[in-house]
Amino acid sequence: MSGRLFITFEGTDGSGKSTQIRLLEKALISGGFDPVVTREPGGTRIGELIRSIILDTGNTEISDVAEMMLYAASRAQHVDEVIRPNLEAGRIVISDRFVDSSIAYQGGARGLGNAVQEVNAYAVRDCVPDLTFFLLSDPVKLFERIERKDADRIEAEGLEVQRAARAAYEKIAAEDRGRVVVIDASRPANEIHAEIAALVGANLKKQGGANERGDERGGAGNAEGAAHE
Ligand code: TYD
């Protein structure tokens, strides 16, 4: 049986995505699965090189179109090298950001609109997430990160970008309710995790999947069970 599932996490900056990804990974491992956790921009050697160009605060002259294509280039490499092969091997793949980020930031915040969909459709072809969590929090939280001086180039542009990205995320969620689950990220991390783990568990159960490490432990509901440990 296969536990093949492509899960993506999205959200405005400072929404607690990384914490939730770590908690889900841990719960899936406890449930006997062997998830692949990856991120964008990045996730491959080429992608990480592209990431350093995009997020370097010194690279202020990058044009909006070049920025959008760099994200898509990193994504094309990521799909070919990491995401598709692991899904084909029957594994769960969790990506910190995917196409929705480009639709939210480059499409919404930068105003590039439909071009973003077209370029990304070519970059990923039929590789579409099964389940996507949008962690949406108050964009004002961003400033806590900037205070810590670890802001990347996009974060450093300030609140308006985050507000526009959030509005674009809300539009995508309204249009794709079958795939996207909107999570109020202002709640306590363990509460959010329980909700996410329950949904992932239900999804695995629906597939009848227990891809895991070759033994019998990996029941579909175990991701959910492990979340409550
Ligand atoms: P990320 O590393 O996820 O930052 P954080 O952990 O702060 O959320 O993403 C880096 C930045 O890149 C973030 O500001 C969002 C932006 N981004 C885009 O604008 N478009 C994209 O397609 C992706 C993947 C990220």
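So the sequence shown is numbered by numbering that gives the first Met the number 0: it starts at 0 and just counts up by one. A virtual CB, placed ideally from N, CA and C, is assigned to each residue, including glycine. As the structure is a computational prediction, the values presented were derived from the model and not from experiment.
Option in the options with minimal Cα separation from residue i
| i | options | result |
| --- | --- | --- |
| D79 | N58, A108, V127 and Y104 | V127 |
| G110 | P84, D137 and A164 | A164 |
| D82 | T43, L27, S14 and A173 | Position check: residue 82 holds Ile in this sequence, whereas Asp was assumed. Nearest of T43, L27, S14 and A173 to I82, Cα basis: T43. |
| E194 | L23, E9 and S17 | L23 |
| V98 | R162, M67, A184 and K25 | M67 |
| S101 | Y168, I182, G207 and R176 | Y168 |
| E154 | P84, Q116 and T59 | T59 |
| K25 | G207, K204, H192 and Q206 | H192 |
Nearest-angstrom Cβ-Cβ length linking residue i and residue j, presumed shorter than 8 Å
| i | j | result |
| --- | --- | --- |
| Q76 | G31 | Not really, about 30 Å apart at Cβ, beyond 8 Å. |
| I93 | P40 | No, I93 and P40 are not in contact; Cβ-Cβ is about 16 Å, not under 8 Å. |
| V160 | A108 | 5 Å |
| D95 | R38 | 4 Å |
| A71 | N119 | 5 Å |
heavy atom of the ligand TYD below 8 Å from residue i C-beta
| i | result |
| --- | --- |
| E80 | no |
| L54 | yes |
| R178 | no |
| G57 | no |
| P128 | no |
| Q105 | yes |
| R21 | no |
| R83 | no |
| I154 | Strictly speaking, residue 154 in this sequence is Glu, with Ile absent from that position. At least one heavy atom of the ligand TYD is nearer than 8 Å to the Cβ of E154, so yes. |
| Y70 | yes |
Per-residue DSSP class, three states only, for residue i
| i | result |
| --- | --- |
| G2 | coil |
| G207 | coil |
| E60 | coil |
| G15 | coil |
| L130 | strand |
| D99 | helix |
| G31 | coil |
| G200 | helix |
| V180 | strand |
Residues near residue i in its chain [Cβ-Cβ closer than 7 Å; skip 5 each side]
| i | result |
| --- | --- |
| R251 | For the chain, the structure presents residues 0 to 228; residue 251 sits outside this window and is missing. |
| L86 | R3, F5 and V92 |
| V179 | T131, F133, I171 and A172 |
Cβ neighbours of residue i in the same chain (closer than 6 Å, five flanking residues each side left out)
| i | result |
| --- | --- |
| Y104 | A164 |
| A122 | A71, R74 and A75 |
| E215 | Legend: pLDDT at E215 = 39, less than 50; position of this residue unreliable, value from coordinates given subsequently. Contacts found: none. |
Other residues of its chain near residue i: CB distance less than 8 Å, five sequence neighbours each side excluded
| i | result |
| --- | --- |
| L69 | P40, I49, I52, I53 and I61 |
| F8 | K16, Q19, I20, I93, S94, D95, R96, T131, F132 and L134 |
| G112 | G106 |
Any C-beta of chain D under 9 Å from that of residue i
| i | result |
| --- | --- |
| A164 | Given the protein chain composition of this structure (a single chain), no chain D is represented. |
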